Structure formats: C-alpha cells, structure tokens
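Structure, as structure tokens:
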Amino acid sequence: MDDATRVFPRDPHWRAPDSSRVPFWAYTREDLYREELERFFYKGHWCYIGLEAEVPNPGDFRRSAVGERSVILVRDMDGAINVVENVCSHRGVRFCRERHGNRKDFLCPYHQWNFDLKGNLQGVPFRRGVKQDGKVNGGMPSDFRVEDHGLTKLKVAVRNGVVFASFDHDVEPLEDFLGPVILRYFDRVFDGRGLKVLGYRRQRIPGNWKLMQENIKDPYHPGLLHTWFSTFGLWRADNRSELKMDARHRHAAMISTRGTGGKVAEVVSGVDSFKEHMQLNDPRLLDIVPEPWWGGPTAVMTTVFPSLIIQQQVNSVSMRHIQPNGHGSFDFVWTHFAFDDDDEAMVQRRLIQANLFGPAGFVSADDGEVIEWSQESFEQKPFHRTLLEMGGRDTEDADHMVTETLIRGMYAYWREVMGETA
Amino acid sequence: MSGARTVGELDFATYFSLLNLYADYAVVVDSADWARWPEFFTEDGRYRLQPRENYEQGLPLCLLALESQAMIRDRVFGVKETMYHDPYYQRHIVGTPRVLAVEGERILAEANYAVIRTKLDGESTVFNAGFYRDEIVTTPGGLRFASRLCVYDSEMIANSLIYPI
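So the protein sequences, as listed, match chains A and B.
Residue numbering for the first sequence follows UniProt numbering, beginning at 1 and increasing consecutively.
Residue numbering for the second sequence follows UniProt numbering, beginning at 1 and increasing consecutively.
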C-alpha cells in the first residue's frame, strides 16, 4: 500500500514548502522524540535548571532535569553554582533521591562512592584493596585515576539569578543563544534584583512536549479559550501587542498591553467564553498594580526553546519548566517567585493572582486539557496534520495577535535541526 | 481565653456536628452541587489547597488560595462557567476528624482524605491524597470553616485539577 494513503505512514517525511501544517506524526513517533532529546535537549541548546535563589547557601542543592536526564543544581563550598548529572560514575545509580537539601558532599549509597559538590570523585572504598593475612585482596587497577571518574558536569550559565546548563560544552554563549531581542525581555524580568521563591506547582500533562511551547507561542487562543482573558481584557485580539522572535525563530516573546475589556463586537461576538455580565465577587483576584519595570506591556510571555517559559502576566511571575518523559507526556513544573524589594502587599498580590495559573488556574488548567485532547487525536491518525495558517504562512514578527506566526517559526527551526526539510 | 476547653471536654453534640460537617462537605463536593460549597465557609473564611512540598518548606504558594467566601464563589463560577475541562466524577474518602484543640467557640481539627477521580470511559484512580487542617467556628447557622487548608501528597497533579477538594 502506498504510504500516502496509510493512517500509520511507514517512512514519513515533511516535504511541504512552509511550516504551516504540522504532521501529527511529529508528536507521536518515539524515534523522532529521542532525536529531539538528542538534538534539542542534549546538544547545542541551553536548558533551564532553576533559580540561584533556590540554593542560597554553600551546600544547598536541588534536583532538576534536562530533557529526561536527572541533574542536580548545587552551590559548592566556594559559593559557585554547579550542575552535575545525577548518575553515579560507578554503576549508574541515580543516587540523589531527595528533591532538595544541604550537603557537604554527595554519596552514592550502593558502594559508597563519594563526590564533592563540583562533581569530582573523592573516594572509592577499597580502592587499594583490603589487607588480609598479609596479602592485599582486590583494589582498583593501578591505572585507575579518581580524576577520570567524576560525575558528568554540565556547562553552566547564570544570568541575573537564573541558571541554565548544557551537556554540550561547545554550546554557544547563553546571550548568543537567546539573541538580542529575547535577551531584552529576559532582562526585563531578571535585571539582577534578588528573587524570592514563593513555591512550586507540578503537573504531568499527557501530551507531546512541543505542544506546551506552541501554547505559549499562540496568541490566538487566550482570548478565546480563557474567559478571564476575554472578559476582563487581559489578553484579547483587540489588545495592543507584538510578537517577536530570535533570528532563528526558536524563542519568542508575546507582548501585550491590557485593554479595557468589555464588549467589542469584532472580538467577542459569538465567543462562547466571553461573559458580558461577569463580575468578580472578590476583586482581589484581579487587583492589578502596574510595576515600573513592566515598561508599558502588562504581559510578556517568553518561550525559550526547548525547555522554558517565562511568565509575566500582570503581577504574577513564574518559570515554567518543560521536562519531557516520552513522546506523549511531559512534566510541567512551575516556580513562582517574587522580588526582594516587594513589600508584603505585593507578595500577597502575586500569591492571589497565582490563582489564575498552574494546574488548577482559571486560565491555565484548560491549556493542559486541550493539549491532552490534541495528543489523543495525533495518536489515532498520525498521517493527518494540524493547520497553522492564521495570519498567513510566513514566519515574520507581528504587531498583532491574530496570527500563528510564532508556531510556524518554531517549526521552521525544528525542521532545520531535525533535517525534515523540503 | 474565657471558655477555653480542652479537647477532652468537647461535648458530644458538638463533636457530632463536626462529624456531620466533614461528611456533608464531602457529599457536596462529590455531587457537583458546587453552589453549596461556599456555604461551608464563614464570610471571611479561607480555602487553601497546597502541595505538601511548599507546606513543609514554609513556602506560601498554594495551588488555590481563596481568601474569602466571595473568592470561593468566584471559583465556583470558574468551575461551572469558564473553565473548559474533561468532565469527571470525584469521590472523597475522608477519615475521622481528629480534634487538635478547642479554643472557646473555635475548634482546630484535621482529617486525612483521598479523592478518587473517574473520567468518562476511564478507570477510577487516586487523584489527590492529603490531609485537611481546619479551623471551625460556631455560627448561628451551625459549624463553618474559618479556614480549610488541604495539604496534598499528590504533588504531581494528573494534568489539571478543576473541582474542589
């Protein structure tokens, strides 16, 4: 049977001239998924690890992930930030089981191999054998060097309190990776101020990891799927907005300024989620106080490919970390934070506005749901494709949000790196 | 602390009301009768649903932090009218409340809970397990929550959480 007529194509290729139609199999193939881990998460890219504020003191550590690989963010006794892989160099044990803590060194319990906080192997029990009856039993070969058997150390970049790492020591500098446009939006949030971690939220979303990047590169949906955005004008087709990408179209910033909301026929007529008479019983849920550092826009959602979303939506700020586990599932870990110079009222405001976001959030819970529903369809008919033609078929920046250009841009980059080109 | 009573002095009628409060709450949140959920709280009553890791590290972030009965009503509106989600049934299994302290008209109590979620065409799975830690006050309408804190062990939420715990 011809591949073109099969529901499950045997040797599919993406040959279209543009990236406006994504094949369903791009979300379902285990071999492609492993190739994505290889090319995006483990090579040539910086992945998000955590915030320096999560490990303020020497010896503090916190487990994180790069792709599917468990890594440890740790501040060593000299105060430096290290990221090491959580795999013992002896027999591969994922030795660090706690999520966070404080340690002088790392110990693998299996054979008690011991590592300093930079990942160097310090000691191996019975390395020189065990003396018994005047004879030395066992021991490592004479050419065994502890220097050769440290933990895998990742290349680390810390910018204004945010820690990125890469298994690829030849990766370009973080600033070049982000590019000048995205760097500006990164520095808008992280300008060197001290950060205060407010806490975590975790969810396992049964969908391909790329769908979450797409969700935050898609300004078309928020004013439609999310009642709060459409009704209160937080994110809507009539808001002043800009969509910007790095030169390679992998990262993006969706920049928007809140409008007045209310009923504007062109953007809310026929929109099921728009609730004309909706009012909050407790206005504290949207007690928005503009902050000087916003510099105008009330929301900037930044996607850093492949692993991070930086959220600033009015007074709520968070890091959203994508940790894939298989082609059809990823863990989504939210770290909400405040700034050291916030007063108590601002911290409370950030905490209350956090009700909008996360796995139970008024405008976020539905994102996880629709991702699950997309993945279900991808699995059942991988020969089919999505349609991304809102605003055209190009991958240019835009000064409005009625477009899917950012997703097209991401797939143009994906195709280039994955070798799926016309 | 006039009127302070020890746990042992809590009269059975009050304890019986407390048992009913826990049982009635579970029935309401399992029955999709969301409009009745805020009625279990005083006007300034707070509802918080917090992952155990934040609770134990002293981090303030909750999954939901509803600071008044009015805010709880806003959540009801969200559940009923604004959030698109897969429909599901839920079933609370709530342990016997343990009274921690009695301070005048105020009772501090806690109970374990497990919530089983069943999606249409799906199996029943343990969705959220944790404990309630509650501050309960006597009102003319009966016992009400001045605060209900739900601390959950199930930190990795199975996609999304819509209905009240």
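Idealized CB from N, CA, C, for every residue including glycine.
Quick caveat, the model's predicted, so the values are computed rather than measured.
Should residue i be flagged as near chain B, meaning a C-beta pair shorter than 8 Å?
i: HIS327(A); result: no
i: GLU54(A); result: no
i: residue 433(A); result: This structure gives no information on residue 433(A), because the portion of chain A shown stretches from 1 to 422.
i: VAL197(A); result: yes
i: HIS321(A); result: no
i: TYR413(A); result: no
i: TYR185(A); result: no
i: ARG75(A); result: no
Just checking my contact of residue i with residue j at CB under 8 Å: how many whole Å lie between their CB atoms?
i: ASP134(B); j: ARG148(B); result: 5 Å
i: ARG204(A); j: LEU234(A); result: Not really, about 27 Å apart at Cβ, beyond 8 Å.
i: PRO85(B); j: SER160(B); result: Per the sequence shown, residue 85(B) should be read as His rather than Pro. Right, their Cβ atoms sit about 6 Å apart.
i: LEU21(B); j: LEU108(B); result: Not confirmed; about 13 Å, so no contact.
i: VAL158(A); j: GLU52(A); result: 6 Å
Beta strand (DSSP E) containing residue i: first to last residue?
i: PRO51(B); result: 41-51
i: TRP25(A); result: Here TRP25(A) belongs to no beta strand (DSSP E), and DSSP marks it neither H nor E.
i: ILE72(B); result: ILE72(B) -> not in any beta strand (DSSP E); alpha helix (DSSP H) instead, spanning 69-77.
i: TRP334(A); result: 330-339
i: VAL136(A); result: 135-137
i: THR139(B); result: 124-139
i: LEU64(B); result: 64-66
i: residue 433(A); result: Shown here, chain A extends from 1 to 422; a query on residue 433(A) therefore has no answer.
For residue i, count the other beta carbons within 10 Å of its own beta carbon; 16 or more makes it buried, fewer makes it exposed. Which is it?
i: VAL27(B); result: exposed
i: PRO60(B); result: buried
i: SER2(B); result: Per-residue confidence for SER2(B) stands at a pLDDT of 44, beneath the threshold of 50, marking its modelled position as unreliable; the derived number appears in the next sentence. Exposed, since its Cβ has fewer than 16 Cβ neighbours within 10 Å.
i: ALA354(A); result: buried
i: MET77(A); result: exposed
i: GLY129(A); result: exposed
i: HIS384(A); result: exposed
i: LEU19(B); result: exposed
i: TYR55(B); result: buried
i: GLY223(A); result: buried
i: SER142(A); result: exposed
i: residue 440(A); result: Lying before the first or after the last residue shown, residue 440(A) is absent from chain A, which here runs from 1 to 422.
i: TRP334(A); result: buried
i: GLU54(A); result: buried
i: VAL151(B); result: buried
i: GLN213(A); result: buried
i: PHE12(B); result: exposed
i: ALA65(B); result: buried
i: LEU178(A); result: buried
Would you please verify whether the beta carbon of residue i is less than 8 Å from any beta carbon of chain A?
i: SER147(B); result: no
i: ASP74(B); result: yes
i: GLY78(B); result: yes
i: PRO51(B); result: yes
i: SER2(B); result: Legend: pLDDT at SER2(B) = 44, less than 50; position of this residue unreliable, no value from coordinates given.
i: GLU43(B); result: no
i: residue 207(B); result: Lying outside 1 to 165, the shown extent of chain B, residue 207(B) is not represented and no answer is given.
Locate the alpha helix (DSSP H) running through residue i, then write down its first and last residues.
i: TRP228(A); result: 227-231
i: ASN102(A); result: Unbroken run through ASN102(A) is the beta strand (DSSP E), 100-102; no alpha helix (DSSP H).
i: residue 424(A); result: Since the displayed chain A opens at 1 and closes at 422, residue 424(A) lies outside it and no answer follows.
i: residue 203(B); result: As shown, chain B starts at 1 and ends at 165. That puts residue 203(B) outside it, with no answer to give.
i: ASN112(B); result: Segment 106-119 is the beta strand (DSSP E) holding ASN112(B); no alpha helix (DSSP H) there.
i: ALA4(A); result: No alpha helix (DSSP H) holds ALA4(A); DSSP gives it neither H nor E.
i: GLU103(B); result: Taken as a continuous stretch (DSSP letters only), GLU103(B) belongs to no alpha helix (DSSP H), being part of the beta strand (DSSP E) at 98-103.
i: TRP414(A); result: 405-418
i: LYS210(A); result: 210-215
Output yes if chain E places a C-beta closer than 8 Å to the C-beta of residue i; else output no.
i: ASN128(B); result: You won't find chain E in this structure, because its protein chains are A and B.
task: With 7 Å as the limit, tell me which residues of the stretch 352-368 of chain A have their beta carbon closer than that to any beta carbon of chain B; keep them in chain order.
output: Of all residues in the stretch 352-368 of chain A, the ones placed with a Cβ closer than 7 Å to any Cβ belonging to chain B are ILE352, ALA354, ASN355, GLY358, PRO359, ALA360, PHE362, ALA365, ASP366 and GLY368, in chain order.
task: Name, going along the chain, the residues of the stretch 204-234 of chain A whose beta-carbon falls closer than 7 Å to a beta-carbon of chain B.
output: The stretch 204-234 of chain A vs chain B, Cβ under 7 Å: ARG204, ILE205, PRO206, LEU225, THR227 and TRP228.
- request: May I ask you to list, following chain order, the residues of the stretch 133-161 of chain B that have a beta carbon less than 9 Å from some beta carbon of chain A?
  value: For the stretch 133-161 of chain B, residues whose beta-carbon sits nearer than 9 Å to a beta-carbon of chain A comprise GLU155, MET156, ILE157, ALA158, ASN159, SER160 and LEU161.
- prompt: What residues in the stretch 366-390 of chain A have a beta carbon less than 9 Å from any beta carbon of chain B?
  reply: The stretch 366-390 of chain A vs chain B, Cβ under 9 Å: ASP366, ASP367, GLY368, GLU369, VAL370, ILE371, GLU372 and TRP373.
field: Contact residues within the stretch 263-289 of chain A, judged by C-beta distance below 8 Å to chain B
entry: Those would be SER273, LYS275, MET278, LEU280, ASN281, ASP282, ARG284 and LEU285, in chain order.
- request: Residues of the stretch 7-35 of chain B with a CB closer than 7 Å to any CB of chain A: list them in chain order, please.
  value: Here the close residues number zero.
message: Counting only Cβ-Cβ distances shorter than 8 Å, please list the residues of the stretch 20-40 of chain A near chain B, keeping chain order.
response: Within the stretch 20-40 of chain A, no residue has a Cβ lying closer than 8 Å to any Cβ of chain B.
query: What are the residues of the stretch 93-114 of chain A that lie near chain B, defined by any Cβ-Cβ distance shorter than 9 Å?
result: With the criterion set as a beta carbon lying under 9 Å from some beta carbon of chain B, the members of the stretch 93-114 of chain A are ARG99 and HIS100, in sequence order.
message: Any C-beta of chain A within less than 8 Å: which residues of the stretch 109-123 of chain B qualify?
response: Listed by position along the chain: nothing, the set is empty.
query: What residues in the stretch 76-100 of chain B bring their beta carbon closer than 8 Å to a beta carbon of chain A?
result: Within the stretch 76-100 of chain B, the qualifying residues are PHE77, GLY78, GLU81, THR82, MET83, TYR84, HIS85 and ASP86.
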